[in-house]
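Q: Have a look at this one.
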Amino acid sequence: PDTVRFGDENLFTKHTEIQTQNFNVLSFKQHPQFRQGRHYYDVALIELEEEIPLDGLACPACLWLEEELPPGELHAINFGATSYSDVSLGAVTENRLSSIDMSTCYELFPTFRRGLPDKDFCAASDCMGTCQVCFAHDFALT
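No gaps in the numbering here: position 110 of the sequence shown is 110 in the UniProt record's numbering, and each next residue is one more.
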């Protein structure tokens, strides 16, 4: 990728174009164990050419680095995928997730029947990617 966009609410409409911020990518480091078509290690480090101003269109997020999950709900934000192969909605969606035990996980998600790495966890929600969200944040870390 050569550009990262912040502040967009829908991938397929132009009405939010005025609210977006585009930044050039300086470097992109994909996880060394990532393989296209797999659901593991799908994370990358992206270095931008300049700092992102946190002005209401973009807010920081944290990656959880602890061994244990945080208490309470987990939150996932994406662009409306209702499954691993579908991005047809294009709108920003939020899922409030609950942690589930691994045996239940393997029943609900047969894709993971080979198992998950030891440090992974499993979480699910009732709406699984289809819950619409409206952003009005106060720069709180998510």
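From the three backbone atoms N, C-alpha and C, an ideal C-beta is built for every residue, glycine too.
Just the Cα atoms here: how many angstroms apart are threonine 93 and alanine 76?
A: Rounded to whole angstroms, threonine 93 to alanine 76 spans 8 Å at the Cα level.
Q: Rounding to the nearest angstrom, what Cα-Cα distance links isoleucine 100 and glutamate 73 in this structure?
A: Rounded to the nearest angstrom, the two C-alpha atoms are 11 Å apart.
Q: Quick test of the definition: if touching needs 3 or more C-beta pairs under 8 Å, does the stretch 25-32 touch the stretch 43-59?
A: Touching, per the Cβ criterion.
Q: Looking at aspartate 2 and threonine 20, is the spacing between their C-beta atoms short of 7 Å?
A: For threonine 20 and aspartate 2, no; Cβs fall outside 7 Å.
Q: Leucine 69 by DSSP, collapsed to three states: which one?
A: Correct three-state label for leucine 69: coil.
Q: Less than 7 Å between the beta carbons of phenylalanine 6 and glycine 90, yes or no?
A: Result no, Cβ atoms of phenylalanine 6 and glycine 90 do not sit closer than 7 Å.
Q: I'd like the ranges of any alpha helix (DSSP H) spanning at least 4 consecutive residues and lying wholly in the stretch 2-60.
A: The stretch 2-60 contains no whole alpha helix (DSSP H) run of 4 or more residues.
Q: Name the one or two DSSP bridge partners that arginine 114 has.
A: According to DSSP, which records beta bridges pairwise, arginine 114 is partnered with nothing at all.
Q: If you follow the alpha helix (DSSP H) that leucine 108 is in, where does it begin and where does it stop?
A: Per DSSP, leucine 108 belongs to the alpha helix (DSSP H) from 102-108.
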